[in-house]
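Note sheet for the following structure.
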Amino acid sequence: MRYNQLQQVMAERDRAAAAQQHVASQERNQQHEALLGEQRRAEAERNVVQQQLQQAMAERDQQHAALLEEQRRAEAERDAVQQQLQQAMTERDQQHEALLEEQRQAEEERDAVQQAAAAIDG
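The working numbering puts the sequence shown at residues 880 to 1001.
In structure tokens form, the structure reads like this:
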């Protein structure tokens, strides 16, 4: 009888140990699932952040390209205005020279007329 009791105690101990191992295994599985879930959430969040970063970089690149294009247009417009200004200044200088030449010729003609009048009077 003692042997049967010993076997029974050992069987109960084995069942208890098996139950304990089963509970520990379930806890490990739950922890593992929780860690996997956390890892999936972290990866999903990282992917969202990565996508947002790529989108922000693409927008920044587009804005930079637009600013460069605007700068090129402004420089081209400035160059055109500067060329028009230079041309207008050249035309003004030419007109001024022409007016000075006309004035000089008019003064020469006036002087010649005065000399002729003085010669006639004199």
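Note that the Cβ used here is the ideal one computed from N, Cα and C, for glycine as well.
Discussion item. So, with DSSP's three-state summary, where would you put G1001?
Written reply: For the purposes of this step, residue 1001 is taken as residue 122 along the sequence shown, with counting starting at 1. In this structure, G1001 counts as coil in the three-state DSSP scheme.
Item to complete: Leaving aside the five residues before and after A998 along the sequence, list all residues of the same chain whose C-beta is less than 8 angstroms from its C-beta, in chain order.
Response: Mapped onto the sequence shown, residue 998 falls at position 119. Around A998, the same chain offers no residue with a beta carbon nearer than 8 angstroms, after the five sequence neighbours per side are excluded.
Worksheet item: Between A921 and V927, what straight-line distance do the alpha-carbon atoms span, to the nearest angstrom?
Response: Position 42 of the sequence shown, counting from 1, holds the residue named residue 921. Position 48 of the sequence shown, counting from 1, holds the residue named residue 927. One C-alpha to the other measures close to 10 angstroms.
Practice prompt. Spatial neighbours of E906 within its chain, please: CB distance less than 6 angstroms, with the 5 preceding and 5 following residues excluded, ordered by chain position.
Written response: Against the sequence shown, residue 906 aligns to sequence position 27. No residues qualify anywhere along the chain.
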